Each structure stands twice: as C-alpha cells, then as structure tokens.
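Asker:
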Amino acid sequence: MGTAYLKGIRVIACTWGWAGSWAGSVLSDLGAEVIKMESNQKLDNNRGHFKRGETGVNSGEFNFTNRGTKSCTLNMKKPESVEIFKKLVKISDVVITNYTPRVMPGWGLGYEVLKAVNPGIILVSLPGFGSTGPDHDYVAYGPTIQAASGLTWSHGHPGEEPILAGVNPADPAGGMYGVLSVLAALSYRARTGIGQHVDIAQSEGITTFIPEVILEYTMNNRIRPRMGNIDEIMAPHSVYPCKGKDKWVAIAVGTDAEWETLCKVMGKSELLKDERFSDRFTRWQNQDELNKLIAGWTKGFTPYEVMHKLQKAGVAAGASLNVEELINDPHVKERGVYIEQNHPEAGKSIVFRSPWTSALTATNPPAPMLGQHNDYVFKTLLGMTDDEITRLAEKKVIY
Amino acid sequence: MFYKVLDGVKVLEFGHLISGPFCAKILADLGAEVIKIEEPGGDEARKQEPFLGDIAGPERSGTFLYLNMNKKVITLNPATVTGRKIFAQLLDEADVLVENNSMKRMKTLKLTYTQIKKINPRIIMTSITPFGQTGPYKDYKGGELVNTQMGGVGFISTREPDTSKAPIKYPAHLFSYQAGLCAAVATMAALFYHRGTGSGEQLDISEQESTLIDVMNPVYNYSYTGHIASRAGVLTAAPTHLLPCKDGYIHNGFVRESHWRQFVNDVMGHPDWADKEIFKDYLSRAQHWDELRPLLVEWTMQRTVDEIYRESQGKRIPIGAVYTSAQVLQDRQMAARGFFVEVDHPQVGKIKYPGVPYRFSEISQDKPTAAPLLGQHNEEIYSRLGYSKRDLVKMEESGII
Chain V
1 MGTAYLKGIR VIACTWGWAG SWAGSVLSDL GAEVIKMESN QKLDNNRGHF KRGETGVNSG
61 EFNFTNRGTK SCTLNMKKPE SVEIFKKLVK ISDVVITNYT PRVMPGWGLG YEVLKAVNPG
121 IILVSLPGFG STGPDHDYVA YGPTIQAASG LTWSHGHPGE EPILAGVNPA DPAGGMYGVL
181 SVLAALSYRA RTGIGQHVDI AQSEGITTFI PEVILEYTMN NRIRPRMGNI DEIMAPHSVY
241 PCKGKDKWVA IAVGTDAEWE TLCKVMGKSE LLKDERFSDR FTRWQNQDEL NKLIAGWTKG
301 FTPYEVMHKL QKAGVAAGAS LNVEELINDP HVKERGVYIE QNHPEAGKSI VFRSPWTSAL
361 TATNPPAPML GQHNDYVFKT LLGMTDDEIT RLAEKKVIY
Chain F
1001 MFYKVLDGVK VLEFGHLISG PFCAKILADL GAEVIKIEEP GGDEARKQEP FLGDIAGPER
1061 SGTFLYLNMN KKVITLNPAT VTGRKIFAQL LDEADVLVEN NSMKRMKTLK LTYTQIKKIN
1121 PRIIMTSITP FGQTGPYKDY KGGELVNTQM GGVGFISTRE PDTSKAPIKY PAHLFSYQAG
1181 LCAAVATMAA LFYHRGTGSG EQLDISEQES TLIDVMNPVY NYSYTGHIAS RAGVLTAAPT
1241 HLLPCKDGYI HNGFVRESHW RQFVNDVMGH PDWADKEIFK DYLSRAQHWD ELRPLLVEWT
1301 MQRTVDEIYR ESQGKRIPIG AVYTSAQVLQ DRQMAARGFF VEVDHPQVGK IKYPGVPYRF
1361 SEISQDKPTA APLLGQHNEE IYSRLGYSKR DLVKMEESGI I
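Pasting the structure below:
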C-alpha cells in the first residue's frame, strides 16, 4: 500500500473545526503533503473540545479530524508571518480554508495576493455560506448551515415538530466537496496550467443531497412533510423494536416477492391471504397495522438475529448499530474501517479510514502535536537557519 | 455541464436510483461526457416521487430529472449477446465505468472487474454497493433506511429526552447522495493519477462506510471513555435546541460561552433571570433546561425567525434560521450566489433545481442541459458505434434496446 494519487502535491491547510480539517485529512490519505497552519494566537477551535493530555492543546475532536497532516505554527497577526506564508505558497499547489471569508484577506492573503506570488496556486475556500453574497460573513456551524439548507425543517417524526439530529451532515458533506474541488482544480491545472479560486458554500452542499425536498416545492408548490421512516411507496418500511433496551432493526420491503419471504420467515403465512396487505398499495395504506404485527415478531429477537434471518432469505434488513456495535461489527472489522492508533499524547485513539478501498489509498499517522513539523517546514522546505528560527520564535512570529 | 473541467473524459454509467447516478452526475456537471445505460424499462428513479403535477410518468420524476441532467442516455439490454457486444464497445472507449449493481448481478452479466479489465485495462471501475465488495455482508441488500441504521447515524438520529421512540432515517435519501459524492471523489483522484498512464483499477465504495463518516464525536468519545452515545444523550458542547417563534423555528447553538452572554444581553436586552446562578454556564443551563426553555420561548414567540436570525447574526452570534424549502428558495444569500438553476425540459417545462455548491474563478459557468428522455441518444450513440437506423429498428424489435 502506498499513498499515490496525489504524490508530490503540497497543500497548505488554513482550517479549523470539522469540515476543512477533515478535508485536509482525506487529501493526506490520497497522498498529498498537508501542512496545517495554526498558532497559539489562533488555535483550531476543535482543540478545546474533549481535551486530552498535559499540553492542553490536544483533543479528541482535533485528533479525529486532522489525522495525517503536518502541523506548523505561524502567528498571522505579525507581518513577518505573512511573508513566510507567501514563501510557502510559492512552493505549494493548494491552499484550502474554511475560515469565514474575511479572515485570510484580512491577513493580506486574499486570492489575488496568493496568485501574484504563485500564478498556478489553487485556493479552495469552503465557508458555511460561501465567500460572496450579502450573508457571507454569517457565523456558521453544522447546525446553522443545516437550518438554512432546508434539512433541519424536514427532519423528524411524521406529524410532529422538527427535531435536531444527533449528527451534523453539513460538515462531512462540505469537507468532501472541498476535496472534490481540489481534485477538479488540479485536473484542470494539469491540462491547462491555470490555477484558480474555487469557492464552496457548505449550505449549498447539503442542499444538493435533498433535491426531493426542494423539487416538491418547485414542481408542486408543496412543502414536503416530515416523514420519519415512512417511504413514498415501500411498506413495511420502518425501524422495529427488538429484545433488549433501546435495540432496533430496520426492515424495508419493496416487492411482492420480498413481502412473501418476510411472512414466511416470520412464520405468519396467514398474512399473505389478508386483503389489508395483499398488494403494495394496500400495504402502504395499512402500514400502521402492519408495523404493529411486525413489531410483535421482532421483539422476540436481537437486531442481528432479525437482520441475518431476513437478509439470508433476501429481504433488506439492518440492525440499528450504536457506536460500540458499529466499531466491533464483524463486517466493518473485516473491511478495516476503524483503526486503532497510538497518539503521542492522547494515547489509544480509534479513527476511521477514508470511505473507499483502493490499493493506492493509505491511512496516515495520528494527528500532529502543535508545531511538530516546524523544523521540517522552516528549515527543510524554506531553508531558514536555527538563529533565524530562534529570533522569530522570540518575537512570537513562530508561535 | 456546469464547468468544463473534465474535458474529453468519457464516463459510462450503468446505474440506477441514486448513489451511482449521483456519482456520474457530479462528473457530468464537471464536463465529462456521461453515457448512461438504461435497461429497456428505464431507471427505477423514473418511478420516484415527486412527479410534476402529481401525474406519474417516466419523464416527470423530479428525482430522475435532477440526477440525470447533463447526461446522454441509451437503452440497452445487457443480458443479450448483442447487448453484451455493444456494452463491450462502450467499455472499450470509456475512461470510467460507474455502477451501483449487486455483485451477483454484475457476475451474471459477465461484467466483473476481472472481465471488464480484459476489454479495457485502463478503465477506472467505480463500484458502489450497500456494504462494499468484500466482507460477510457483501451480498446483503441495503437502501436508505437500512443503510442509515447500519451506518450508525440512525441510532442517534434524534435528540430526545428518552429513547422510547424508534430511531428514524434522515430526510429523503440524504445518505445515498453522500455515497455518490464519496464515489465521485475517489473517481476524480483515480482519474488524476491514472489518466494517460495506461493503468486502471476498481474502486470499492460501500454506502455503509460513506454514511458512518458522519459519526465522529461518538467515536472519539467512545474511544477515550467508553461512553455510548444515544438519542437521549448525544454529546453537545452547549444546550442546543430548536425553539418555536411566531412563524417557524430558530436553532440556538451557543458554541461559546460568549455567544450565550451576547445573545442574552445584546439581543434579548438582559432579562432579570439572566444572572440566575442556575444559568451560569452551559452545563448548568443544560441541567436546568426545563426552567430555561419557557423563559426563552416566551421571548422568541413574540418575534419572527428572520428578526431573531438577522439581529443575532449581525452581532456574530451563531443563530440558525430553520427554513422550509419555500424559504430556502427565497433566501437572499443563495439567490445572490445563483445556486438554483432553471432548466427547460421538453415534457415538464421550466423547473428550478439545486445547482452545484462550487464556483470556479477561471472557468465560466455553463447552463446545464435537461435530463434525457428514455432512449433519447440511441441514434447518436449507436450510429457512432457503427449501427444504422435500420439496425436500431431490428434491435428494438428484438428487445435489445
């Protein structure tokens, strides 16, 4: 296994929080050298969440989202830092950032400046709402972005108020669109020699995942209701209680053949003669009664028992996995999705690999310590002397 | 296409429903020539709601129209000998094959990677399945509902006071789309590396894996403390809730203590309960949420979503406006960026669709073309492959196209 796809590509990551940092981590899995810029003057806000270890700047959240990157500390409030940054831009291919759009231009490092230093440079920015438009500087976290995208309003049990989800899909989606844009711009540059600024709005990213919500309105002038587990046409199509506390299994039946199989596996062949459930439409109409009957059966088994019984017979079913079950699931384990790493300060840390398998993708080392690669960046890449570095550290430029 | 980035890249899509077609759509949006193979009955997505005017029909599904803009479509029955021959011709000239069929079906059709590689050794074959190409569940069935639960996001799908209600899925087909995006990223990386080298590979994309990337906080929390997140106990940095207003809901997300202080003092005008000891920090506020909520709601119910959203954001407090689809479509920010695009289709006319979330500074944006009608490009593609119009008639009569 080697990290081949982006071998020789150097990325400067001016990132924090989740989406931008994780984009950097995925780029490093693809083989790029990713240098994360931070300083004690402006730490990644993720370092504050779930702190681990003595230095007080390592956290679960940071370590999870920055795996495989290199860390370099420059205090961007100092004019000398801006000059050093430009030298690094000169020998890099990509700058990626998810800061609010005013931050980098505020340091004197807007796209036009970067381009003047290195005409081939690619800048990918992924703020919550994009770098243009009247609200581009709005403060954006996952939930703020999801609210503006139409996702939050649509999430919940049928007939009830909207409800907050336990995960924030805007962040991974934004990060993935960031990686996509880096790859697109690199391909374009390879063909034409032209670099550019690609600007992403994370709010638009998540909206591209829910076109049905938007199109229900643009096509039929209706706001799509909250549907919980109800499908447009499939029934049974729900999550059912199983043996044990908070144990559940999902079952989704599409065809008549699957319905027949389900009844046989449940040992309830009499349902096949029941007119309430005789075709797709009546099953959909009478799904509340149907769901009660199925729940009566699933309660006698564990989620895994139901899943295996039905899947082996050809019906789609899946256990509702909690985080412990997910990490330890035999299938997930065999595919090597989660990896245990030993972080120098945080100790044993479980992380996941990028979501594809290919002989050319690798899983990189744990997230760096703050400033761990300063020597590499300042000496090896930029050719500074020890004296210079000491002087800059004293002036809190390297900080 | 939206941007001419992948000029000259040829993609063959043998996909259905969402994840495969969305992956190919992303490549088409970036300028690749995508030829989609539909079996004579058509992609199942043509039967998916919403339908224009609530009239079902293969050219009226919003899901299909969105997923297949910028593509060319041919019909082909790959189970016939002639169909297989044509498939091989198309594979021979393609750079990428995107497919989301079961492994069993691809084997029956003699379209495994080992077989495809013999036809075209430099092809990148992007295979998307519910659980990936290896492992004990590789032949298990999936779909949005099952995948949501097996991908770990279902178990924590809601934040509720107790766990008596079942986990739910997320709106529409959110995670099937996410799988398509992950597949497109892997494909772009492979294209960047392999193009012009003569080498290729198969990319194995599991919908379960592209879903579980959303489960982050619970993983490191479990990793460090053994804590198992549930719907009743999802870890949050501060009490974060949806609150009702005069005309909808706002999301309060006081990520930092300063956000809370600013909101109470500068937006709410420092009510007398603000200094109560029980509301002093986020842990305490979370504990006493039942007392705090009515105090906040009394105030929010006097105001509209936009009043609270704009005033708070003007003071750099991360309040969210919980917009309906109608409000998203009217939102001044998305409008200013030209996110929604109007596309004219011969049968459904002009409809607004979500566009793409990225803007390239050095490439001008093109207008996308409408999703094709069933078999729309048969004549164009088949004549390119050397078939005459008379051949097409015979092939149609034989159930091949």
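Chains V and F are the protein sequences, given in the same order.
Residues 1 to 399 (the numbering used here) are what the first sequence spells out, left to right.
Residues 1001 to 1401 (the numbering used here) are what the second sequence spells out, left to right.
Glycine residues also receive a C-beta, built at the ideal position from the N, C-alpha and C atoms.
Because the structure is a prediction, the values reported are computed rather than measured.
If you run the structure through DSSP and keep just helix, strand and coil, what is LEU215 (chain V)?
Answerer: helix
Asker: Ignore the nearest five residues each way along the sequence and tell me which others in VAL253 (chain V)'s own chain have a CB closer than 8 Å to its CB.
Answerer: MET234, ALA235, PRO236, HIS237, TRP259, LEU262, ARG283, VAL315 and ALA316
Asker: Tell me the rounded alpha-carbon separation between THR357 (chain V) and ALA32 (chain V).
Answerer: 17 Å
Asker: Since TYR1066 (chain F) is in the beta strand (DSSP E), which residue starts that stretch and which ends it?
Answerer: Not the beta strand (DSSP E): TYR1066 (chain F) falls in the alpha helix (DSSP H), residues 1062-1067.
Asker: In this structure, what does DSSP give as the bridge partners for SER1019 (chain F)?
Answerer: None; SER1019 (chain F) has no bridge partner.
Asker: Return helix, strand or coil for THR380 (chain V), following the three-state DSSP convention.
Answerer: helix
Asker: Alpha carbon to alpha carbon, how far is THR1300 (chain F) from LEU126 (chain V)? Give it in angstroms, no decimals.
Answerer: 31 Å
Asker: Of the residues V:GLY60, V:ASN342, V:GLU38 and V:LYS292, which one's Cα is nearest the Cα of CYS14 (chain V)?
Answerer: The shortest Cα separation from CYS14 (chain V) among V:GLY60, V:ASN342, V:GLU38 and V:LYS292 belongs to V:GLU38.
Asker: Please compile the residues from chain V whose C-beta is within a distance smaller than 8 Å of the C-beta of LEU1329 (chain F).
Answerer: ILE214, TYR217 and THR218
Asker: State the Cα-Cα distance for the pair LEU1109 (chain F) and GLY108 (chain V), rounded to the nearest angstrom.
Answerer: 58 Å
Asker: Write down the C-beta distance between GLN41 (chain V) and ASN63 (chain V) rounded to the nearest angstrom, noting that I regard them as a contact closer than 8 Å.
Answerer: Going by Cβ atoms, the distance from GLN41 (chain V) to ASN63 (chain V) rounds to 21 Å, so no, they are not a contact pair.
Asker: Determine the direct distance from the alpha carbon of THR1163 (chain F) to that of LYS245 (chain V), and round the result to whole angstroms.
Answerer: 9 Å
Asker: Thinking C-beta only, is ALA359 (chain V) closer than 9 Å to GLY174 (chain V)?
Answerer: no
Asker: Give the residues from the segment 241-252 of chain V that approach chain A closer than 9 Å (Cβ to any Cβ), ordered along the chain.
Answerer: Among the protein chains in the structure shown, which are V and F, there is no chain A.
Asker: For a cutoff of 9 Å on Cβ pairs, would you count HIS1241 (chain F) as touching chain V?
Answerer: yes
Asker: In terms of residues, what are the limits of the alpha helix (DSSP H) holding PRO172 (chain V)?
Answerer: 170-192 is the extent of the alpha helix (DSSP H) around PRO172 (chain V).
Asker: Going along the chain, which residues of its own chain have a beta-carbon closer than 6 Å to the beta-carbon of ARG10 (chain V), five neighbours each way excluded?
Answerer: GLU33, SER92 and ASP93
Asker: Select from the segment 1104-1137 of chain F all residues with a C-beta closer than 7 Å to any C-beta belonging to chain V, and list them in chain order.
Answerer: For the segment 1104-1137 of chain F, the set of positions with a beta-carbon nearer than 7 Å to some beta-carbon of chain V reads PHE1131, GLY1132, THR1134, GLY1135, PRO1136 and TYR1137 in chain order.
Asker: Taking the alpha carbon of GLY1386 (chain F) as the point to measure from, which residue in F:LYS1085, F:PRO1040, F:GLU1038 and F:GLU1039 has its own alpha carbon closest?
Answerer: F:LYS1085
Asker: Closer than 9 Å, Cβ to Cβ, to anything on chain F: give me those residues from the segment 315-345 of chain V, in chain order.
Answerer: Under the 9 Å Cβ criterion, the segment 315-345 of chain V contributes VAL315, ALA316, ALA317, GLY318, ALA319, SER320, LEU321, ASN322, VAL323, GLU324, GLU325, LEU326, ILE327, ASP329, PRO330, HIS331, VAL332, LYS333, GLU334, ARG335, VAL337, TYR338 and GLU340.
Asker: As a quick exercise: from F:LYS1394, F:GLY1349, F:PRO1368 and F:GLU1099, pick the residue whose alpha carbon is nearest that of GLU1059 (chain F).
Answerer: F:GLY1349
Asker: Between ASP1054 (chain F) and chain V, is there a C-beta pair that is closer than 9 Å?
Answerer: Chain V contact via Cβ: present.
Asker: Would you tell me roughly how many angstroms separate the C-alpha atoms of PRO162 (chain V) and ILE145 (chain V), rounded to the nearest one?
Answerer: 15 Å
Asker: According to DSSP, is THR298 (chain V) helix, strand or coil?
Answerer: Reduced to three states, the DSSP call for THR298 (chain V) is helix.
Asker: Out of curiosity, what's the CA-to-CA distance linking GLY1253 (chain F) and ALA165 (chain V)?
Answerer: In this structure, the CA atom of GLY1253 (chain F) is about 13 Å from the CA atom of ALA165 (chain V).
Asker: Please list the terminal residues of the continuous beta strand (DSSP E) segment that includes ASP1281 (chain F).
Answerer: Neither: ASP1281 (chain F) is in no beta strand (DSSP E) and is coded neither H nor E.
Asker: Would you call ILE339 (chain V) buried or exposed, if buried means 16 or more other Cβ atoms sit within 10 Å of its Cβ?
Answerer: exposed
Asker: For ALA1237 (chain F), collect the residues of the same chain with a Cβ closer than 8 Å to its Cβ; drop the 5 residues on either side in sequence, then sort them by chain order.
Answerer: Bear in mind that a pLDDT of 47 at ALA1237 (chain F), under 50, signals an unreliable position, so the model cannot answer this.
Asker: In this structure, what does DSSP give as the bridge partners for CYS402 (chain V)?
Answerer: What is shown of chain V runs 1 to 399, which leaves residue 402 (chain V) out entirely.
Asker: Per DSSP, what kind of secondary structure is GLU409 (chain V) in: helix, strand or coil?
Answerer: The question about residue 409 (chain V) has no answer, for chain V in this structure spans 1 to 399.
Asker: Helix, strand or coil for ALA1237 (chain F)? Go by DSSP, reduced to three states.
Answerer: Unreliable placement is indicated for ALA1237 (chain F), whose pLDDT of 47 sits below 50; the coordinate value is still reported in the next sentence. In this structure, ALA1237 (chain F) counts as coil in the three-state DSSP scheme.
Asker: Scan the segment 257-345 of chain V and note each continuous beta strand (DSSP E) run of 3 residues or more that stays entirely inside, going in chain order.
Answerer: 316-319 and 338-343
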